[in-house]
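So the protein lines, in turn, are chains A and P. Going letter by letter, the first sequence gives residues 1 to 1011 in UniProt numbering. Going letter by letter, the second sequence gives residues 1 to 514 in UniProt numbering. Think of the CB as a built atom: it goes at the ideal place given N, C-alpha and C, for glycine as much as any other residue. None of these values were measured; they are calculated from a predicted model.
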Amino acid sequence: MKTKISLLLMLFFSICSVAQQLEINGIVTSESDGMPLPGVNIIVQGTSRGTTTDFDGKYIININRGEQIEFSYVGFITQTVTVENQSVINIVLQDDIASLSEVVVIGYGTQKKADVTGAITTIKSEDIAKTPNSNVVQSLQGKVAGVQVVSNGSPGSSPTIRVRGVSSFRGGNNPLYVVDGMFYDEIDFLDSSQIETISVLKDASSISIFGQRGVNGVIIIETKNGKQEQKPVFTYNGFTGYQNAQNVVKMANAEQFTTMAYESGSQADIEFVENAIQRFGRSRINPNIPDVNTDWYKEILRVAPISSHSIGVAGGSEKTTYSVNASYFSQDGILDMKNEYERFNIQSNIQIDLSDRLTVGTNAIFSNATKYNPENGAWFQAYFAVPILPVFDETNMDATPIPYADASLLGYRSAQNPFPAMTFNNNQLKIRKVLTSMFLEYDLIPDKLKFKTSYSHDYSTISERNVRLPYFISGQSQRETSNIRRAENKYSNQIWDNTLTYTDDFGEHNLTVLAGSSYRDQQQNLFNATGNDIQGIGLESSWYLDFADPTTFSDQVNEIGDRFYSFAVFSRLEYSFKDRYLLNATIRHEGDGRFPEKLWVTTPSVGLGWVVSNENFMENSGLFNFLKLRASWGQLANGSLGGSTGTNTISTLVTSIGDTPTNGFLATSTFRNLIREILEETNFGISTRLFDNKLNLEVDYYIRDTKDLVLPRQVPIISQTVDDNIGEMRNQGLEVAANWSQNINDNWSFSVGGNITTLKNEITQIDSDQGYFDTGSAAFRQRLIVGEPVNAFFGWEVDGVYQNEAQVAADPTAQNELTAIQNQLVPGDFIYKDQNNDGVIDAEDRVVLGSYLPSFSYGGNLNVSYKNFDLSVAVSGQTGNKILNRKRGEVIFTNDTNIDAEYAINRWHGEGTSNSYPSSEGRRKAWNQRMSSFFVEDGSYFRVQNIQLAYTIPAKALGGENMPEVRLTCTAERPITIFSYNGFDPEVNDGVDRQTYPVPAVYTFGINIKI
Amino acid sequence: MKNLKQGTKQLALMLSFCVIVFSCNDKLEENDGQLAAGDVDYTISEDMNLPLIGAYSAVYSRGWEDPILIGVRGDDVNAGGLGDQQPLADTDLFIYDNNYWMYNQIWENFYGDIVRILSARETIQLYQNFATEEEYLDRADQYMAECKVLSGFTHFQMSRLWGDIFIIGSTDIALELENGVKTKAEVMQYISDLMDEAIPFLPNKRPNEREDVLGGVTKYTALAIKAMANLELENYQGVANATGEIIESNKFMLYPEFYELFKKPGELSNESLFELQFSDYNTEDGAANNHLFAPFGPSSWTPAVEGASAGWGFYEPSLKYIKFMIDRGDQTRLVTSVNFTPRGIDELMMDPQYASLPNYISNTTLDGDIFNDYPRAMFGSGKHYLPSNQLTAGRTSYGSSKNLIVIRYAEILLMHAEALTQGASSSAMTADAAVNMVRGRVGMPSLSGVTNDQVMDEKFAELAMEWGIRYFDMIRLNNYDELSYDGRTFTADKELLPYPQAQLDLLPLESDNN
């Protein structure tokens, strides 16, 4: 009652005192480095009026005499000033030693950072905005210990995120995104400029409240919002720039290729070269090679623009806050075809206090994107296309509409030229997402018991239109009639959450108890149809199924859908005593229709913390400003395994019986009936600040076991795998993040940070007769073995190349009847290591050749400020991972193709010429084509991730306080990458490089304006 | 206090929320978008043909590599595709590498089909369990018998390639594997017995007389497979009996035009006992069920119908075969079986004995398609060639809509003759009559008192390039000299393919198959 009266009184006074308002301005700086602090919250105490500081730490606020202003900022001690007659109030905020006030967002609530017992890393908006990318999570690359980001170069495609290694084989490894309290599997609808903070929840105890969707880590994103009593703030953020392919693989040129062909021992290949000479003429420099020298990568690549613009306004009145934002992003792909991404977003966020106890809010995003998918096969074809083939061939008179050259006209098996597919295919996707949510929050007992209900619906449609235009290049490369494939895919995901939160303190005991339920309904419907022979195919306006030959739809119309539900109840206890002893405990009970074998699963977790620095005996310790020891344990269930059918299912088919299409069906002979994998994780951590808070250090060590691991059991006899709960896997690692900030003088300051991550992934148990499971394809074997990392590359170890006949004759393994003799080994062939020394190279000599997961990764950043200039440099890298160079390996399927220059130059061509590459002839032999260490290469890299130079033009410089502040930035994203892998790009998602879209370097210029 | 009261009210409200939420729980049991095999209405007996069509679809949809790898080792044909697929060329030279992807692919293709066929048979059994009308009970018996024939055919191809294999008789694969690897003789006996089981339920018709499943297998297909299995067992009397029964039915006759037999006019002819069916349904676009014949096609040609696609130049008839045919004056069968390129003709003429060739040897086919030079091969396989003027208008892919004949009456006749010349007896037909019937169609003069050698020559001439018949005949007869041609040396240990490494890693197989 008392509070209510005082509130009323205050309201009364504030109304009465309108006439006495003053305008106050000032600048807020940080004590430690003297730098202005942007974004400091300024609130008039006892009211909801407030503002924030601008880029230069400046603010203006209207206030009544005698009122108190509170200045608060994450990581700093809050200061309160009573206004008397000042018109300028400059504030110096002190670092909050124990960071007691800093709050982190956790599931269904917030928690003081000091009370956190799990492993949570938070990234601020400044760091996110530096990365020019359509996807916000790309900005995490190299910044968060324990988080691996594998970039995707294709415009509009999401990077792969792995939090603490790979905990599931079959389930996805994508984390759960929680954006302003709502759950998403993907956040391609968010614009970077809208992000306030990103928090990464890494350990099971932090995640467990989210249940089975959070098994791969949870990334909580808070977007920017207005504040109560804040004048409208208009902002514009924009950048524009270009992308350029990096480290392009050098392919063998015409001369090197021709030499390889002559040395191959294959008469056919020599004839192909001669055909090329006949068709395209002789080179004047070297008459033995054709007068063509095509660098296919150069041909298919281009410099591509990228740009982003966003404009918005945010603010609030006494009882409401709002923000409205529109943003536009556009990016072309570096593949020279219709390959681009364009996104237009509108977003609004409104929150209203209906009474002092009841708050409602709503949030809506409409994201409208158009994406033109690349023909990824082009990366593969450009690697294989022979350099003695030009792009165009004017002598190919039959070709229409464009006289592309065609390798089959020289005798090669395939057309090879990637351009017909790039030119005559058009793959459009229209991705539209409507994400809406609303909530109602009611204080049942003010300041103690709160009820919140929220409902969200995320409705997405993806309209695909794949157009195939007719063309004729050669008998091998032609499309007689056009066709259009249309797909309409709709996804609907509804969540209804209800929570009750009780907060109280009893003396030195602080307590928060949460109980809640979550209900989810997820459905999808996939519809597609293909029609051929489109009338007026030359005009995009007729790219509709309506113009297709109606007789062609038969057997080309499909629809499939599914819908499932899940429901969970959960509870959490947060308890602290004397701000020293911390306990967090969570339990969740969850049901999911996709697991008919075991619908319900219960997962508990607990975390303990000890803030040592708050103990009396630490009071005079000069070293530690803050020290907390943390330990947590928790279980998570994995719900991302896809639906179990639980029974045999039917698939329909059509075959020709007497020239009549005849329907039939087949029942599966195998089916999935899975239970959820259970992930169990123990985490130990230390959080500390030292040297007058200059050094901030977080150390975590975790052991994460996945039980009932789902693995693809190969069903013997049929070439099928069936998923089954038949293994266990462990990930463990150490994560260290350190940051040092220092202020040198009034003009200069710097901060330097770094993080390292170790990862050891291993299969700890496999329930199989053989003691292993084979994965990958038979020709490129990967294997799951106890004690080895998941999907380890598995094959023979190359021990050199035979240099002369004597060496072949002297090697017992080369003379063995069973294996080597029938391969007729000669100099220039690989020597394989006889692992078991039994004199035979056979299956028993295969060993693990490495893993695609980096065992060590690191990131670092340096920020230097001088007056209005800021320079930041971020680096990242990884070691210990391998890449299967499948481009080289696919010689097993066609061997008359080009090869990279490295291979061509270093090939064995006589004694002493190479001990690592086979001869041109040997390249074609099965003996040298088997899965071996030759194809499995080191994937480590070091990268300069981002360099940004920024200059802030103070409003004053532009003519006064009412002028906008402007910030200019120049950014180079991934300008330099150093690696030894013989491919374009060491970032290969699953370690198998066949047609990975390379990740370009990006150079941009940006402007931010705030009024 | 008031607060608390209000609180209780609201708590009650919330509890009712929870009740609503919990009532959604039975939704967890729903499975949208999935048709469980158990949910099929097996009482609709007329639908029992659907799983049978599924079984045919499994057998018809063959990988391009299947017929090529099966046949490549014979002295009738070379790998072709020079410069490409070196391990296939090595296989042709009897150099085997069990890591080669093709071996594993074919293993998986055939075994996968066996399980699909068995799954179809078990589904038909379910229909039969629910059927009440006599007509449907019988029909289910017939359909299940058809599945046995298809399963027999796939087991037969597997065992020919690898000798000792697993026999799979039900979809409970783990149980089937427990029975272990069976020797080739056991597998062939199993196939023979399986055919005996099936025969009583199968239609007493030619495949092209069937109205329910046109071109589907019949009693005679089963007899043919039984004969082939017994031939592998060198049980020649068994061969004579089975082939004799087919002959005595008087249902089959040789298609008069040997050349057209392998083209569209010869599809599902009275000669056909088993044929893989493909079609583009005579539509210029739209869905088609085609086999990929491109590997058999020339990589360079000038088709009579412009725009028809060329092929990859694999599967090249051997010079040995061509010379053998020229020596015999076997014109019709030679020009049907072999497509010549100018380079191939030159190569032939380099041999002084063939310096002047009969004028029917030309790089222009009877339908006017001109085979140009291409480095991959010197000759193309005519039996896998569909003239460009037989392509459906609008279709350009090589061999679109062409069927692939598996067993034909000529092979039955020649197996019959072979059995008789190996000492078996039969009242159905004499060896002379059988051989002369085959020769008669292609205008070859009659023989009398044919010897086993002559029968084998006749098989060579008639059945070259078809399903490895020649190779498997030669290894059965241990006639390694014939296989040691053009610089090759064949030895007994080369008869079988090694088990694919991927299968050795997966199955309880002996590591060395030879």
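Subject >> Interface partners of P342 (chain P) on chain A, CB under 7 Å >> reply: For the purposes of this step, residue 342 (chain P) is taken as residue 342 along the second sequence, with counting starting at 1. Near P342 (chain P) there are no residues of chain A at all, since even the closest Cβ is about 14 Å away, more than 7 Å.
Subject >> For P352 (chain P), the three-state DSSP class (helix, strand or coil) >> reply: On the second sequence, position 352 is the one that residue 352 (chain P) refers to. P352 (chain P) falls in the helix class under three-state DSSP.
**OP:** With 7 Å as the C-beta to C-beta threshold (strictly closer), list the residues of the region 80 to 109 of chain P near chain A in chain order.
**Re:** Flagged, chain order: L82, G83, D84, Q86, P87, D90, I95, Y96, D97, N99, Y100, W101, N104 and E108.
**OP:** Tell me the start and end of each unbroken beta strand (DSSP E) in the region 973 to 1001 of chain A that is at least 3 residues and wholly inside, in chain order.
**Re:** None, since the region 973 to 1001 of chain A contains no complete beta strand (DSSP E) of that length.
**OP:** Mind listing, in chain order, the continuous beta strand (DSSP E) runs of no fewer than 3 residues lying wholly within the region 369 to 448 of chain A?
**Re:** Correct list: 425 to 445.
Original post:
Within 8 Å (strictly less), CB to CB, does R73 (chain P) reach chain A?
Top reply: Sequence index remark: in the second sequence, residue 73 (chain P) carries index 73 (1-based). False, the Cβ-Cβ gap to chain A never drops below 8 Å.
Original post:
So the alpha helix (DSSP H) D327 (chain P) belongs to, where does it begin and stop?
Top reply: For the purposes of this step, residue 327 (chain P) is identified with residue 327 of the second sequence, where counting begins at 1. Membership of D327 (chain P) in the alpha helix (DSSP H) is indicated by the continuous run L319 to R328.
**OP:** Could you list the residues in the region 545 to 568 of chain A with a C-beta less than 8 Å from some C-beta on chain P, going in chain order?
**Re:** Residues are counted here when their Cβ sits less than 8 Å from a Cβ of chain P; for the region 545 to 568 of chain A these are D549, T551, T552, F553, S554, D555, Q556, I560, G561, D562, R563, F564, Y565, S566 and F567, given in chain order.
Subject >> Closer than 8 Å to chain P by CB, I43 (chain A) >> reply: Position 43 of the first sequence, counted from the start, is the residue given in the question as residue 43 (chain A). Cβ-Cβ to chain P under 8 Å: no for I43 (chain A).
**OP:** Since I believe S206 (chain A) is in contact with I120 (chain A) (beta carbons under 8 Å), could you give me their beta-carbon distance rounded to a whole number of angstroms?
**Re:** Working through the first sequence from its first residue, we reach residue 120 (chain A) at position 120. Working through the first sequence from its first residue, we reach residue 206 (chain A) at position 206. At roughly 6 Å, the Cβ-Cβ gap stays under 8 Å, so I120 (chain A) and S206 (chain A) are in contact.
Original post:
Going by Cα to Cα distance, which pick from A:Q803, A:F684, A:P403 and A:T370 is closest to G922 (chain A)?
Top reply: As a first step, residue 922 (chain A) is located in the first sequence; it is residue number 922 there, counting from the start. Ranking A:Q803, A:F684, A:P403 and A:T370 by Cα distance to G922 (chain A) puts A:Q803 first.
**OP:** In the DSSP assignment, find the beta strand (DSSP E) that holds A667 (chain A) and state where it starts and stops.
**Re:** Locating residue 667 (chain A) in the first sequence gives position 667, where the first residue counts as 1. Bounds of the beta strand (DSSP E) holding A667 (chain A) are T660 to A667.
Subject >> C-alpha gap between Y220 (chain P) and Y96 (chain P), whole angstroms >> reply: Locating residue 220 (chain P) in the second sequence gives position 220, where the first residue counts as 1. Locating residue 96 (chain P) in the second sequence gives position 96, where the first residue counts as 1. The straight-line gap from Cα to Cα measures roughly 36 Å.
Subject >> Which residues DSSP lists as bridging Y502 (chain A), in chain order >> reply: For the purposes of this step, residue 502 (chain A) is taken as residue 502 along the first sequence, with counting starting at 1. Y502 (chain A) is bridged to A:L449 and A:V513.
**OP:** Let me know the secondary structure DSSP gives P265 (chain P) once reduced to three states.
**Re:** Here residue 265 (chain P) is taken as the residue at index 265 of the second sequence, counted from 1. DSSP, read as helix, strand or coil, puts P265 (chain P) in helix.
**OP:** Apply the 10 Å Cβ neighbour rule to I841 (chain A) and answer buried if 16 or more other Cβ atoms are within range, or exposed otherwise.
**Re:** In the first sequence, residue 841 (chain A) corresponds to position 841, counting from 1. I841 (chain A) is classed as buried because its beta carbon has at least 16 other beta carbons within 10 Å across all chains shown.
Original post:
For I345 (chain P), which residues in chain A fall below 9 Å Cβ to Cβ?
Top reply: Working through the second sequence from its first residue, we reach residue 345 (chain P) at position 345. For a Cβ distance threshold of 9 Å, nothing in chain A lies close to I345 (chain P): the least Cβ distance comes to about 17 Å.
Original post:
How would you write the range of the beta strand (DSSP E) that D562 (chain A) sits in, first residue to last?
Top reply: Position 562 of the first sequence holds residue 562 (chain A). Its beta strand (DSSP E) spans residues V557 to F577.
Subject >> Beta-carbon separation (whole angstroms), K1010 (chain A) vs T321 (chain A), contact threshold 8 Å >> reply: Within the first sequence, numbered from 1, the residue matching residue 1010 (chain A) stands at position 1010. Within the first sequence, numbered from 1, the residue matching residue 321 (chain A) stands at position 321. Contact doesn't hold; Cβ gap of about 18 Å is too wide.
Subject >> For A585 (chain A), the first and last residue of its enclosing beta strand (DSSP E) >> reply: Residue numbering aside, residue 585 (chain A) sits at position 585 when the first sequence is read from its first letter. The continuous beta strand (DSSP E) containing A585 (chain A) extends over residues Y581 to D592.
Original post:
Which same chain residues, not among the five before or five after D66 (chain P), have their C-beta less than 7 Å away from its C-beta?
Top reply: Working through the second sequence from its first residue, we reach residue 66 (chain P) at position 66. Same-chain partners within the cutoff: I106 and N109.
Original post:
If you measure from the beta carbon of W379 (chain A) to each beta carbon in chain P, is any gap under 8 Å?
Top reply: As a first step, residue 379 (chain A) is located in the first sequence; it is residue number 379 there, counting from the start. No, no contact with chain P.
**OP:** Give me the Cα-Cα distance between N532 (chain A) and S463 (chain A), rounded to the nearest whole angstrom.
**Re:** Locating residue 532 (chain A) in the first sequence gives position 532, where the first residue counts as 1. Locating residue 463 (chain A) in the first sequence gives position 463, where the first residue counts as 1. CA-to-CA, the gap between N532 (chain A) and S463 (chain A) works out to about 18 Å.
**OP:** Starting from L28 (chain P), trace the alpha helix (DSSP H) both ways and give me its first and last residue.
**Re:** Position 28 of the second sequence, counted from the start, is the residue given in the question as residue 28 (chain P). Membership of L28 (chain P) in any alpha helix (DSSP H) is not indicated, and neither H nor E is assigned to it by DSSP.
**OP:** Using DSSP bridges, identify the partner residues of K707 (chain A).
**Re:** Position 707 of the first sequence, counted from the start, is the residue given in the question as residue 707 (chain A). Note: K707 (chain A) sits in a beta bridge opposite A:I678.
**OP:** Apply the 10 Å Cβ neighbour rule to V144 (chain A) and answer buried if 16 or more other Cβ atoms are within range, or exposed otherwise.
**Re:** Against the first sequence, residue 144 (chain A) aligns to sequence position 144. Residue burial annotation: V144 (chain A) is buried, with at least 16 other C-beta atoms found within 10 angstroms of its C-beta.
Subject >> DSSP three-state assignment for N325 (chain A), whether helix, strand or coil >> reply: For the purposes of this step, residue 325 (chain A) is taken as the residue at position 325 of the first sequence. Three-state DSSP puts N325 (chain A) in a strand.
Subject >> Interface residues of chain A facing S272 (chain P) [CB-CB closer than 7 Å] >> reply: To locate residue 272 (chain P), count along the second sequence from 1; it is residue 272. Contacts between S272 (chain P) and chain A, judged by CB atoms closer than 7 Å, are missing: the closest CB pair is about 12 Å apart.
Original post:
For a contact meaning CB atoms closer than 8 Å, what does Q277 (chain P) contact in chain A?
Top reply: What you label residue 277 (chain P) is simply residue 277 of the second sequence in a count that begins at 1. In chain order: T655, S656, I657, G658 and D659.
Subject >> Within 8 Å, strictly: CB atoms of N98 (chain P) and Y499 (chain P) >> reply: Taking the second sequence and counting its residues from 1, the one referred to as residue 98 (chain P) is at position 98. Taking the second sequence and counting its residues from 1, the one referred to as residue 499 (chain P) is at position 499. In this structure, N98 (chain P) lies near Y499 (chain P), with their beta-carbon atoms less than 8 Å apart.
**OP:** Pull up the distance between the alpha-carbon of S87 (chain A) and that of L22 (chain A), whole angstroms please.
**Re:** For the purposes of this step, residue 87 (chain A) is taken as the residue at position 87 of the first sequence. For the purposes of this step, residue 22 (chain A) is taken as the residue at position 22 of the first sequence. Approximately 7 Å between the Cα atoms of the pair.
Original post:
Residues in its own chain within less than 8 Å of F856 (chain A) by CB, not counting five upstream and five downstream?
Top reply: Within the first sequence, numbered from 1, the residue matching residue 856 (chain A) stands at position 856. The beta carbon of F856 (chain A) is closer than 8 Å to those of I756, T757, T758, L759, Q878, T879 and G880 in its chain, skipping five residues each way along the sequence.
Subject >> For A950 (chain A) and Y341 (chain A), the rounded distance between their alpha carbons >> reply: Mapped onto the first sequence, residue 341 (chain A) falls at position 341. Mapped onto the first sequence, residue 950 (chain A) falls at position 950. For Y341 (chain A) and A950 (chain A), the distance between alpha carbons rounds to 27 Å.
Original post:
According to DSSP, which residues form a beta bridge with K112 (chain A)?
Top reply: Looking up residue 112 (chain A) in the first sequence gives position 112. In the DSSP output, where bridge partners are listed per residue, K112 (chain A) has A:V103.
**OP:** Can you grab the Cα-Cα spacing for the pair D549 (chain A) / I534 (chain A), in whole Å?
**Re:** Numbered from its first residue, the first sequence carries residue 549 (chain A) at position 549. Numbered from its first residue, the first sequence carries residue 534 (chain A) at position 534. Roughly 7 Å separates the two Cα atoms.
Original post:
Cα separation between Q478 (chain A) and V391 (chain A)?
Top reply: Here the question's residue 478 (chain A) lines up with position 478 in the first sequence. Here the question's residue 391 (chain A) lines up with position 391 in the first sequence. Near 16 Å, if we compare the C-alpha coordinates of V391 (chain A) and Q478 (chain A).
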